[in-house]
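A.B. asks:
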Amino acid sequence: MANRLAHSTSPYLLQHADNPVDWWPWGPEAFEEARRRNVPVLLSVGYAACHWCHVMAHESFEDPDIARFMNTYFVNVKVDREERPDVDAVYMEATQAMTGQGGWPMTCFLTPDGEPFHCGTYYPRQARHGLPSFLQVLLAVRDAWQERGTEVRQAARRVVEQLAGQSRPLPEATVDAEVLHSAVSRLGVEFDTTHGGFGSAPKFPPSMVLEFLLRHHERTGSEQALSMVEATCAAMARGGMYDQLAGGFARYSVDAAWVVPHFEKMLYDNALLLRVYAHLARRTGSPLARRIAEETAEFLVRDLRTPEGGFAASLDADTDGVEGLTYVWTPAELTEVLGPEDGRWAAALLGVTAEGTFEDGRSTLQLRSDPDDPERWARVRGALLEARLRRPQPPRDDKVVTAWNGLAITALAEAGVAFDRPEWVRVAVEAAELLVRVHLVDGRLRRSSRDGVVGTAAGVLEDHGCLAEGLLTVHQVTADGRWLEVACQVLDTALDHFADPQAPGAFFDTADDAEALVRRPSDPSDNASPCGSSAVTGALLTAAALAGPERAVRYREVAERALARAGLLAVRVPRFAGHWLTVAEAVQHGPVQAAVVGPAGDPRRVELAAVARRHAPGGAVVVAGEPDAVGLPLLAGRPLVDGSSAVYVCRGYVCRRPVVTVEELVRELAG
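So in my numbering, spot 177 of the sequence shown is number 202, and the numbers just go up one at a time.
This is the structure:
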């Protein structure tokens with residue numbers, strides 16, 4: 026049997042390379058084989074850090090009898106959803122339409138033309154909890170295909186037609202100050218006043234909604250918005266979803282109180298949350314927010330950075346096939362590491378009980394209040410972390426995803442400037458250099474790389490938006506014009522190849538020359554990370570505030586038109602429009618531009634730039650350099666004032682007189 030996954034750049038596909046299942050990677054060859062044999066395609070979609078993906082693989086894909094049945098009656102295709110978000114999006118939409126829910130692993134049965142006719146998620150080895158066994162599903166699909174093949178094909182065609190009819194661009198709607206105020210009010214209704222966050226279990230970190238609320242507070246002074254941010258950030262940071270020993274957040278909490286996480290750690294979650302906590306610390310001076318931001322940044326740099334300078338996609342939920350094995354503790358284990366006295370103290374401090382908060386009498390670690398003895402806590406924490414590092418560790422998915430690295434670049438560069446940590450800025454620059462050097466191939470973005478080798482999957486819309494935003498952030502903190510130019514090239518590609526020509530302001534998630542799927546995906550809602558459309562819109566708005574006038578006008582017009590396409594989402598479901606609302610706040614606020622000019626090496630210019638970055642609202646752009654410096658359009662035509670460094674603050678592309686003192690600058694930025 027050919028091992029077609031052996032040379033993949035996806036660690037998830039490599040996990041399945043030795044299965045007895047005759048897996049094919051996604052591609053036309055698999056569907057041609059299905060046509061030749063006149064059998065359905067069994068599409069299995071997952072990702073490397075997914076716990077239930079591992080369970081189904083162990084129960085079914087490693088079983089020789091099930092594999093033999095799959096190989097006989099299906100062409101089996103394995104897809105890493107992180108490498109091929111376009112494939113995942115198309116068939117997840119079908120799965121949700123057929124079953125009312127979605128998730129991973131995703132299991133879809135397709136015609137040889139790629140049309141779905143039966144979809145589901147995890148199927149157990151034995152029937153239980155109302156779920157049929159996987160073999161029962163396979164038997165039923167085989168029989169339906171063999172006995173009612175024409176009917177099955179017709180049903181699949183109708184599914185595709187119905188999905189296409191539901192995927193029209195949203196109508197344009199106004200997104201103004203009233204809409205933003207209404208979004209805050211609606212979020213207030215859904216806010217969990219007891220535990221923080223929104224909705225009930227399972228509870229996901231609402232990173233983009235929190236960034237929106239912070240920006241709304243900055244613009245309006247809304248105490249309601251700020252209180253929701255502070256309560257949620259504190260609850261997440263003190264619960265078991267946050268790694269109290271090594272920093273970094275898990276994917277989500279299975280309960281409403283943030284006690285028990287789903288243990289995988291994703292790059293995009295931690296990048297987005299780093300940005301929120303750094304922003305909160307900068308805005309309020311919160312010591313907790315600053316500590317969590319610093320620890321999360323260190324987690325990214327220490328545990329997810331690859332040798333090539335990028336950031337790995339995730340750490341697995343499982344260790345040696347056991348969920349959370351690395352992270353949970355019993356009172357006896359604490360005592361074994363710390364001794365009786367410190368063990369009892371740590372158990373009380375961290376919520377480790379005899380009954381356990383997780384499974385089998387084991388507990389996640391929570392830090393519901395600051396320790397009364399910080400030095401003792403530092404010593405205990407260090408000892409526990411050292412002991413934990415001797416345990417088996419979760420595998421790392423070390424592929425470098427363009428979009429998620431763009432998010433990390435933005436977060437680390439912003440946090441590095443906010444906390445005067447130049448080493449984080451250097452790391453962000455090195456990641457940007459890797460992406461531009463490796464992921465840009467003949468002027469077009471690729472989705473991912475591994476070990477410095479670029480993958481074959483084309484970049485999708487979110488890759489263009491998130492990378493462009495990251496490069497624009499690096500441009501601001503380094504005053505290097507090449508990053509602005511590359512960012513604009515990436516955005517120009519997005520406008521040329523992803524925009525919907527029939528609906529100005531709307532975008533597709535795949536390029537017009539990308540592989541044709543049964544439907545061209547276009548999801549306008551923000552979920553775990555910004556959707557492609559909101560990511561590109563945010564980057565266009567930032568670029569419009571930084572680029573020269575020719576590009577700025579075009580970018581601004583497209584950004585405003587795109588934002589209007591999200592108006593209904595902002596009104597009806599603000600929890601799923603977090604990044605859209607974040608961008609809308611930047612529009613309402615101006616956007617704010619701060620051009621800091623001064624002679625090279627002038628301490629006054631350095632001081633003014635630091636103050637501008639510390640006091641500028643979220644979404645503002647700040648560039649510092651010599652007047653009319655090459656590659657820095659924001660500084661063009663802005664001379665020194667009486668031979669001294671100065672700052673030109675503009676709001677909504679209308680500029681005030683330049684200021685030369687720190688006090689004046691703070692007042693101008695307060696607006």
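Backbone N, C-alpha and C define an ideal beta-carbon position, used for all residues, glycine too.
Quick one, which of Ala371, Gly346, Glu348 and Val347 has its alpha-carbon nearest Glu358's?
C.D. replies: With distances taken between Cα atoms, Glu358 lies closest to Ala371.
A.B. asks: Using 8 Å for Cβ pairs, my map puts Phe324 next to Asp294. What's the rounded Cβ distance?
C.D. replies: Phe324 to Asp294, Cβ: 11 Å. No contact.
A.B. asks: When you compare the CB positions of Pro616 and Ala645, do they come within less than 8 Å of one another, or not?
C.D. replies: It is a contact, given that the beta carbons lie within the stated cut-off.
A.B. asks: Between Gly484 and Thr427, how many whole angstroms is the CB-CB distance? I'm expecting something under 8 Å.
C.D. replies: About 6 Å; that satisfies the 8 Å criterion.
A.B. asks: Compare the C-alpha of Pro194 against each of Gly480, Arg416, Gly506 and Ser558 and name the closest.
C.D. replies: It is Ser558.
A.B. asks: With 8 Å as the threshold, decide whether the Cβ of Asp467 is near any Cβ in chain C.
C.D. replies: Protein chains in the displayed structure number just one, and chain C is not present.
A.B. asks: According to the neighbour-count rule (16 or more other Cβ atoms, all chains shown, within 10 Å of its Cβ), is Cys680 buried or exposed?
C.D. replies: With fewer than 16 Cβ atoms within 10 Å of its Cβ, Cys680 is classed as exposed.
A.B. asks: Taking all protein chains shown into account, decide if Arg263 is buried (16 or more other Cβ within 10 angstroms of its Cβ) or exposed.
C.D. replies: By the neighbour-count rule (16 or more Cβ atoms within 10 Å), Arg263 is buried.
A.B. asks: Taking the straight line between their C-alpha atoms, what separation do you get for Gln161 and Glu215?
C.D. replies: The straight-line gap from Cα to Cα measures roughly 40 Å.
A.B. asks: How would you call His6, buried or exposed, if buried means at least 16 neighbouring beta carbons within 10 angstroms?
C.D. replies: The displayed coordinates of the chain run from 26 to 696. Any statement about residue 6 would go beyond what the structure contains.
A.B. asks: Can you tell which of Phe56, Tyr147 and Val46 has the C-alpha that lies nearest to the C-alpha of Thr136?
C.D. replies: With distances taken between Cα atoms, Thr136 lies closest to Phe56.
A.B. asks: Spatial neighbours of Arg178 within its chain, please: CB distance less than 6 Å, with the 5 preceding and 5 following residues excluded, ordered by chain position.
C.D. replies: These residues qualify, in order along the chain: Thr136.
A.B. asks: So what does Gly49 bridge to, in DSSP terms?
C.D. replies: A small fix is needed here, since residue 49 is Trp in this sequence, not Gly. Looking at the DSSP assignment, Trp49 forms a beta bridge with Val102.
A.B. asks: Drop a sphere of 10 angstroms on the beta-carbon of Tyr678, count the other beta-carbons inside from all chains shown, and report buried for 16 or more, exposed for fewer.
C.D. replies: Exposed is the call here.
A.B. asks: Of the residues Ala482, Glu384, Gly407 and Ala584, which one's Cα is nearest the Cα of Val347?
C.D. replies: Val347 has its Cα closest to that of Glu384, out of Ala482, Glu384, Gly407 and Ala584.
A.B. asks: Output the distance between the C-alpha atoms of Met123 and Val461, rounded to the nearest integer angstrom.
C.D. replies: The straight-line gap from Cα to Cα measures roughly 40 Å.
A.B. asks: Report the residue from Ser554, Ala493 and Arg682 whose alpha carbon sits nearest the alpha carbon of Pro230.
C.D. replies: That would be Ser554, whose Cα lies nearest to the Cα of Pro230.
A.B. asks: Looking only at DSSP bridge pairs, what is Glu348 linked to?
C.D. replies: Answer is Asp343, bridged to Glu348.
A.B. asks: What does Val214 pair with, by DSSP beta-bridge criteria?
C.D. replies: For Val214, which the question treats as bridged, DSSP gives no partner whatsoever.
A.B. asks: Taking contact to mean at least 3 C-beta pairs separated by less than 8 Å, is the segment 41 to 60 in contact with the segment 86 to 99?
C.D. replies: Because the criterion of three Cβ pairs below 8 Å is met, the segment 41 to 60 and the segment 86 to 99 touch.
A.B. asks: Can you grab the Cα-Cα spacing for the pair Leu329 / Gly495, in whole Å?
C.D. replies: Cα to Cα, the separation comes out at about 17 Å.
A.B. asks: Please report how far the alpha carbon of Thr716 lies from the alpha carbon of Asp111, in whole angstroms.
C.D. replies: This structure cannot settle anything about residue 716, because the visible part of the chain is limited to 26 through 696.
A.B. asks: Give the single residue among Arg475, Ser394, Thr389 and Ala403 whose Cα lies nearest to the Cα of Asn430.
C.D. replies: Asn430 has its Cα closest to that of Arg475, out of Arg475, Ser394, Thr389 and Ala403.
A.B. asks: Could you tell me the distance, in whole angstroms, from the CA atom of Leu520 to the CA atom of Asn96?
C.D. replies: Between Leu520 and Asn96, the C-alpha separation is close to 43 Å.
A.B. asks: Contact defined as beta carbons within less than 8 Å: I believe Ala338 pairs with Lys424. What is the distance between those atoms, to the nearest angstrom?
C.D. replies: 5 Å between Cβ atoms; contact.
A.B. asks: Pick out the complete beta strand (DSSP E) segments inside the segment 79 to 131, 3 residues or longer, and give them in chain order.
C.D. replies: Taking only runs of at least 3 residues, the beta strand (DSSP E) segments lying wholly in the segment 79 to 131 are 100 to 105.
A.B. asks: Quick one: is Ala541 buried, meaning 16 or more other Cβ sit within 10 Å of its Cβ, or exposed?
C.D. replies: With fewer than 16 other Cβ atoms within 10 Å, it is exposed.
A.B. asks: Have a look at Pro526, Ala318, Asp488 and Ala453 and flag the residue whose alpha-carbon is nearest the alpha-carbon of Leu465.
C.D. replies: Among Pro526, Ala318, Asp488 and Ala453, the Cα nearest to that of Leu465 belongs to Asp488.
A.B. asks: Who are Asp505's beta bridge partners in DSSP?
C.D. replies: In the DSSP output, where bridge partners are listed per residue, Asp505 has none listed.
A.B. asks: Whose C-beta lies closer than 7 Å to the C-beta of Ile91 among residues of the same chain, with five residues either side of it excluded?
C.D. replies: Within the same chain, Ile91 has close Cβ partners Ser85, Phe159 and Leu160.
A.B. asks: Just tell me which of Arg244, His220, Gly127 and Cys133 has its CA closest to the CA of Ala609.
C.D. replies: Of Arg244, His220, Gly127 and Cys133, the residue nearest in Cα terms is Arg244.
A.B. asks: In this structure, how does DSSP classify Ala262 when only helix, strand and coil are distinguished?
C.D. replies: In this structure, Ala262 counts as helix in the three-state DSSP scheme.
A.B. asks: Give the straight-line distance between the Cα atoms of Gly221 and Tyr267, rounded to the nearest whole angstrom.
C.D. replies: Spanning the two alpha carbons is a distance of roughly 14 Å.
A.B. asks: Evaluate Thr120 with the Cβ neighbour count: other Cβ atoms within 10 Å of its Cβ, from every protein chain shown; 16 or more gives buried, anything less gives exposed.
C.D. replies: Buried: at least 16 other Cβ atoms inside 10 Å.
A.B. asks: Taking the C-alpha atoms as reference points, what is the distance between Leu238 and Cys556?
C.D. replies: Those two C-alpha atoms are separated by around 18 Å.
A.B. asks: Taking Cβ positions, are Pro326 and Asp367 nearer each other than 8 Å?
C.D. replies: The question names Pro, but residue 326 in the sequence shown is Val. Not in contact: Val326 and Asp367 (Cβ atoms no closer than 8 Å).
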